[in-house]
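Going by the working numbering, the residue at position 266 of the sequence shown is 266; the numbering climbs one at a time, nothing skipped.
Note that the Cβ used here is the ideal one computed from N, Cα and C, for glycine as well.
Since the structure is predicted, the reported quantities are computational estimates derived from the model, not experimental observations.
Heads up, the thing below is written out as C-alpha cells.
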Amino acid sequence: MGYEIKCYVRIKVQMIFQTTVAVSCCVFKHRIIEKEKESKLWGGRFSSETSPVLEKLNASIKYDWRLWREDVKGSKCYARALQKTGILTQEELTVIQDGLSKVEEEWSSNNFKIKSTDEDIHTANERRLKELIGGVAGKLHTGRSRNDQVATDMRIWLRDKMGTLNSFIHDFIQIVTDRARREVHILMPGYTHLQRAQPVLWSHWLLSHAWNLRADSERLSQLSARADEMPLGSGALAGNPFPVDRPALARDLGFSRCSPNSMRAVGDRDFIAEFLWWACLCAVHLSRLAEDLVLFGSQEFGFVRLADCHSTGSSLMPHKRNPDGLELIRGRAGRILGQCTGFMAVLKGLPSTYNKDLQEDKEAMFDVCDSMESILQVAAGAVGTLTVNSDKCRSALTPDMLATDVAYYLVRKGMEFRVAHSVAGKVVALAEKMEVAMSELTMEHLKSVSECFEEDVRDVWNYESSVDQYRALGGTSSSSVAQQLDQMDQWLKNCASVQ
Ligand code: ARG
C-alpha cells in the first residue's frame with residue numbers, strides 16, 4: 001500500500017549578533033512503500049519489515065518505560081536549547097512544550113497507551129508527541145540521537161534514585177544509632193571465626209554495622225557526583241552540529257557539567273558499573289548483618305527475637321518463626337552480585353561508542369535499584385523492631401573469654417606480651433585440666449603457673465571492667481561507644497542539612 005507525503009523543511013539559524021540567516025529551504029517528495037515503516041524512527045532505508053523475533057529482542061519499552069519522566073524532561077530542555085539556536089521558533093517551542101506536558105500528564109495519570117510499534121521510551125514519547133501536535137514534533141530530534149538521549153535519561157533517573165537510597169541509609173543509621181544509645185551497656189560475646197572471643201558491648205556491635213552503612217552512604221554520594229555529567233549534545237557519536245549551548249542545557253537539566261567527549265559520552269556506562277558495584281558492596285554489608293541476626297535469633301543463641309512483623313511462619317510447622325526477610329537480604333546480595341558481574345561481561349569487549357549491547361544496562365539498573373530499596377528498608381525494619389535479650393547475651397559470656405585479659409594483667413605487672421600470652425595459655429590449660437572455670441582457680445594454682453599472679457587478679461574476672469579497658473579510640477569501652485554515638489549524630493545532622 002503506497003501513498004505520497006510532502007514534507008517541507010525550513011531551517012532558520014540565528015547567528016550570533018542577532019543576524020538571522022535562512023540556511024536552506026527544500027521540499028522533499030518521496031514514496032513510502034509500506035505503511036509499517038512509517039511508524040519506525042529509522043524505517044526510511046529499509047525495504048522489508050523487521051522480523052518479529054528481532055523486534056521482540058530489540059524492544060526495551062517493557063522495562064525502559066520507567067524513564068518516561070526523565071525522557072520528557074530531557075526533551076523539554078532540549079527543545080528550549082533548540083529554540084535558542086533558531087531551529088525552533090518561539091511558537092514551535094510552545095507547541096512542543098505543551099505537547100510534551102500532555103505526554104507527561106498521560107504517563108502520570110496512567111493513561112499513556114504503549115503501542116506494539118513503540119520500540120523504547122524515546123520512540124514512544126516521540127510517536128505520541130507527533131500524534132498530539134503533528135509534524136512539528138519531528139523537529140525535536142534535530143541533532144539529537146537516542147544514544148545521547150538514553151545516556152542522559154539514565155543519569156537523571158539514577159542520580160535521583162541514589163538520593164532516595166541514601167536517605168534510606170540515613171534512616172537506617174538513625175535507627176541503629178538510637179538503638180545503640182538506648183541499649184548502650186548490654187554485654188555480649190564478640191566472635192572471631194564464629195568462636196567466642198572477647199566480651200563486647202552490644203552497642204559496639206550495632207555501631208560496627210552503622211559504620212559500614214556510613215561508608216556505603218559516603219561512597220554513594222561520591223559516585224552520584226561523578227554521574228553528574230550531561231551527555232546530551234553528543235548526538236549519535238560525533239557531537240551536535242547546531243550551536244547548542246550545552247553548559248546552559250546542562251544547567252537546565254540539573255547537571256553541573258557536560259561530558260567533554262561525545263564518543264566517550266554515548267558509550268560510557270561507568271556510572272552504571274560503579275552503581276552496581278556499590279550495590280554489591282552495600283548488599284554484602286547488609287547480608288553480613290542479616291547473617292549475624294539469623295544466628296543471634298536462633299534458639300541456640302537466643303540473643304535477639306525478631307518482631308512478629310519481621311518474622312514469617314511455616315505452612316507445616318505451627319511453632320516456627322522464621323527470619324525470611326533476613327534470609328532474602330542475604331540471597332539478594334547474591335543476585336545483585338550476579339547483575340554486576342553480568343553487566344561487566346556485557347561491557348567487556350565492546351568497541352567504542354554506542355552499541356546495542358548497552359541496552360542491557362537498564363534491567364540490571366532497575367532490578368538492583370529495586371532490590372536495594374527493598375533490602376535497605378527490610379533490614380532497617382528488622383533491626384528497629386527486634387528485642388534484645390540482655391540476660392541471654394550476658395549468660396553467653398564465659399571466663400575463658402577473659403584469657404586475653406589475664407595476659408594484659410601480666411603485661412601490666414611488667415611481663416613482655418609474648419611471655420604473658422604463653423602464661424595465660426597455661427592458665428587456660430590448667431583450668432581445662434581441672435575442669436573448673438579459669439576464675440575459680442585458687443591463688444596457689446595460679447602461682448604454680450607464674451609467681452607474678454597476686455590477689456588483685458580477682459579484678460580480671462569482671463566482664464564490665466574487661467570491656468571498659470578498651471578505651472583507646474574505636475574500642476568497645478562505653479566511653480568509645482559514647483564517642484561513636486556523637487560522631488554518628490554529628491554526621492547524620494550534616495547529611496540532613498545538605499539534603
Ligand atoms: N533503547 C536504546 C537503549 O536503551 C536507546 C538507544 C538506541 N540507539 C540506537 N542507536 N539504536 O540503549
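Residue from GLU373, ASP245, ALA238, MET438 whose Cα sits closest to the Cα of ASP148: ALA238
For my contact list, GLY325 and VAL378 are in at a C-beta cut-off of 8 Å; report their separation, rounded to the angstrom. 5 Å
For GLN487, report the span of its alpha helix (DSSP H) as first-last. 478 to 498
Secondary structure at GLY267, three-state DSSP: helix, strand or coil? helix
Along the chain, where does the beta strand (DSSP E) containing ARG196 start, and where does it finish? 195 to 201
Is any non-hydrogen atom of the ligand ARG found closer than 7 Å to the C-beta of VAL150, if you look at the structure I gave you? yes
For MET443, the first and last residue of its enclosing beta strand (DSSP E): Element bounds for MET443: not the beta strand (DSSP E) but the alpha helix (DSSP H), 443 to 449.
Residues sharing a beta bridge with MET154, DSSP: Paired residue(s): none; MET154 is not in a bridge.
So, are the CB atoms of PHE271 and ARG66 less than 8 Å apart? no
In the DSSP output, which residue or residues are listed as bridge partners for ASN322? THR312
Since I believe TRP68 is in contact with ILE121 (beta carbons under 8 Å), could you give me their beta-carbon distance rounded to a whole number of angstroms? 6 Å
Does LEU213 pass the burial test, meaning 16 or more other C-beta atoms within 10 Å, or should it be called exposed? buried
Just checking LEU281 against the ligand ARG - is the residue's beta carbon closer than 7 Å to any of the ligand's heavy atoms? no
Segment contact flag, the region 86 to 106 with the region 122 to 138, C-beta cutoff 8 Å, min 3 pairs: yes
Near LEU93, which residues of its chain fall below 6 Å by C-beta distance, leaving aside the five closest residues on each side in sequence? ALA79, GLN83
First through last residue of the alpha helix (DSSP H) which encompasses LEU249: 246 to 253
CB-CB length for TRP277 against LEU220, believed under 8 Å: That belief does not hold up - the Cβ atoms of TRP277 and LEU220 are roughly 11 Å apart, past 8 Å.
What separation, rounded to the nearest whole angstrom, lies between the Cα atoms of LEU253 and GLN469? 55 Å
Here's the rule I'm using: 16 or more other beta-carbon atoms within 10 Å means buried, otherwise exposed. How should ASN166 be labelled? buried
Which residues in the same chain have their Cβ closer than 7 Å to the Cβ of LYS392, if we skip the five residues on either side of it in sequence? GLY302, PHE303
Just confirm the distance between the C-beta atoms of ARG181 and LEU473, as a whole number of angstroms; I'd bet it's less than 8 Å. That pair is no contact at about 19 Å.
Between the region 424 to 442 and the region 378 to 387, do three or more beta carbon pairs fall short of 8 Å? no
When burial is assigned at 16 or more other CB atoms within 10 Å of the CB, is MET443 buried or exposed? exposed
Is it right to say VAL449 is buried, meaning 16 or more other beta carbons lie within 10 angstroms of its own, or is it exposed? buried
Counted within 10 angstroms of its Cβ, other Cβ atoms place ARG471 as buried (16 or more) or exposed: exposed
Cross-strand partners of VAL136 (DSSP beta bridge): In the DSSP output, where bridge partners are listed per residue, VAL136 has none listed.
Which word fits VAL498, buried or exposed, when buried means at least 16 other C-beta atoms lie within 10 angstroms of its C-beta? exposed
Could you pull the start and end residues of the alpha helix (DSSP H) that GLY99 belongs to? 90 to 108
Please return the same chain residues whose Cβ sits closer than 7 Å to the Cβ of TRP461, not counting the five positions on each side in sequence. PRO399, LEU402, SER439
Buried or exposed: where does PRO351 fall if 16 or more other Cβ atoms within 10 Å of its Cβ makes it buried? exposed
Kindly indicate which residue of ASP292, GLY143, ILE175 has the alpha-carbon position closest to the one of HIS193. ASP292
In this structure, does DSSP put TYR501 in helix, strand or coil? Past the boundaries of the shown model lies residue 501; the chain is included only from 1 to 499, so the question cannot be answered.
What does the Cβ neighbour count give for GLY349, buried or exposed, with the cut at 16 atoms within 10 Å? exposed
For LYS130, which option in VAL95, GLU327, ASP171 has the closest C-alpha, if you only look at C-alpha atoms? VAL95
Assigned exposure category for MET188 - 16 Cβ within 10 Å defines buried: buried
I'd like to confirm something about LEU358: is its beta-carbon nearer than 7 Å to some heavy atom of the ligand ARG, or not? yes
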